[in-house]
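Beneath this line is the structure, given in structure tokens, with notes to follow.
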Amino acid sequence: MLEIRNLSKSFGETRALKDISVNFAPGTVHCILGENGSGKSTLVKILSGIVRPNTGSLTLDGRALPTGRPRALLDIGLATVFQEVLIAPNRPVIDNILLGLEKPFAAPMPRARRLEIAGEALAKIGAGKLPLDIEAGRLPLAHQQLVVIARALARDPGILVLDEATAALDHDDRDAVFECMEAMAAAGRYVLFISHRMEEVMRLSDRVSVLRNGEHVASFARGEFSPADLLEKMAAPGHARNGGAA
Ligand SMILES: Nc1ncnc2c1ncn2[C@@H]1O[C@H](COP(=O)(O)OP(=O)(O)OP(=O)(O)O)[C@@H](O)[C@H]1O
1 MLEIRNLSKS FGETRALKDI SVNFAPGTVH CILGENGSGK STLVKILSGI
51 VRPNTGSLTL DGRALPTGRP RALLDIGLAT VFQEVLIAPN RPVIDNILLG
101 LEKPFAAPMP RARRLEIAGE ALAKIGAGKL PLDIEAGRLP LAHQQLVVIA
151 RALARDPGIL VLDEATAALD HDDRDAVFEC MEAMAAAGRY VLFISHRMEE
201 VMRLSDRVSV LRNGEHVASF ARGEFSPADL LEKMAAPGHA RNGGAA
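Note that full-length UniProt numbering gives residue 196 to position 196 of the sequence shown, counting from 1, and the numbers run on in steps of one.
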């Protein structure tokens, strides 16, 4: 079990997260849903180690995880894909996929092995035909994001976190990524998916947690919630949106 306990984070006067506690189970796609500004990205940044919480802890099977240390979290198998397409535009696609996997000062990986890892990672998201040797910056933005997702998959992560990472993709590519997420969960991995798109959340969630204004307001298991339930939880009290009023 991946557990976050009593996480709080403020930026100056803004309380981005207020005492958040959520459990994530292996073998599930767990969606985090919330309006803009509800704290989703802050939570992801804490999970990936690029933001340190003011208070609270992360544990995996009871062991404390290193907060605020992105490299250490990567090394224990937590890979994050952010909404922004984080690519090295002048480097070939294959280098972008293997970025960080090849240790500095270690013997270079043989080309055949590099091709195998990159090819397998792309194939998992139906992108096996992407050219590996052209500069990544020459690909359309949507394909660049596939390269970034493949970079996360190449690490064979035990915990995959996708922060609105499919927003730039076209319909077919998005479907392929969703199928990959479902396959990873079926293989016992943790898959955390951050979104504000209801149809994606309804399709993918084995479990969904709703954030509102920095607070964790509800969690539901598959079959326990409707879009109206989620909209009601997302909306500020007294401002339930269309379909959200109870
Ligand atoms: N580095 C920062 N400095 C100051 N305020 C911040 C910072 N990062 C986030 N915030 C604020 O914290 C709150 C939560 O932001 P966060 O980006 O986590 O929300 P979100 O749910 O991911 O929204 P979005 O969907 O727009 O990305 C917002 O009020 C935001 O303005």
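Note that CB positions come from ideal geometry on N, CA and C, so glycine has one too.
Handout entry: For residue 253, the three-state DSSP class (helix, strand or coil)
Key = With the chain running from 1 to 246 in the structure shown, residue 253 is simply not present.
Exercise for the section: Grab me the residues of Ala150's own chain with a C-beta within less than 6 angstroms of its C-beta, minus the 5 sequence neighbours each way, in chain order. Expected result: Here residue 150 refers to the residue found at position 150 of the sequence shown. Counting only Cβ-Cβ distances below 6 angstroms, and skipping sequence neighbours, we find Ile97, Ala121 and Leu122.
Problem - Phe225 - DSSP class collapsed to helix/strand/coil - result: If you number the sequence shown from 1, residue 225 lands on position 225. The answer is coil: DSSP assigns Phe225 none of H, G, I, E or B.
Exercise for the section: Below 8 angstroms on the Cβ atoms is my guess for Met234 versus Gly34; work out the distance and round it to an integer in Å. Expected result: Taking the first residue of the sequence shown as position 1, residue 234 is located at position 234. Taking the first residue of the sequence shown as position 1, residue 34 is located at position 34. Their Cβ separation, rounded to whole angstroms, is 6 angstroms, which keeps Met234 and Gly34 in contact under 8 angstroms.
Handout entry: Inter-residue Cα distance where the pair is Leu74 and Ala152
Key = The residue you call residue 74 lines up with position 74 of the sequence shown. The residue you call residue 152 lines up with position 152 of the sequence shown. Leu74 and Ala152: Cα-Cα distance of roughly 10 angstroms.
Handout entry: Minimum length 4: unbroken alpha helix (DSSP H) runs contained in the region 100 to 124
Key = 111 to 124
Practice task
Would you mind working out which of Arg212, Arg222, Arg203 and Asp229 sits nearest residue 297, comparing C-alpha positions?
Solution key: Residue 297 lies beyond the range of the chain shown here (1 to 246); nothing can be said about it.
Practice task
Determine the DSSP secondary structure at Glu199, reduced to helix, strand or coil.
Solution key: Along the sequence shown, one-based indexing puts residue 199 at 199. Residue state, collapsed to three classes: helix.
Exercise for the section: Over the uninterrupted alpha helix (DSSP H) stretch that includes Asn213, give me the two end residues. Expected result: On the sequence shown, residue 213 is found 213 positions in, with the first residue counted as 1. Neither: Asn213 is in no alpha helix (DSSP H) and is coded neither H nor E.
Problem - Distance, Val161 Cα to Thr42 Cα - result: On the sequence shown, position 42 is the one that residue 42 refers to. On the sequence shown, position 161 is the one that residue 161 refers to. Cα to Cα, the separation comes out at about 13 angstroms.
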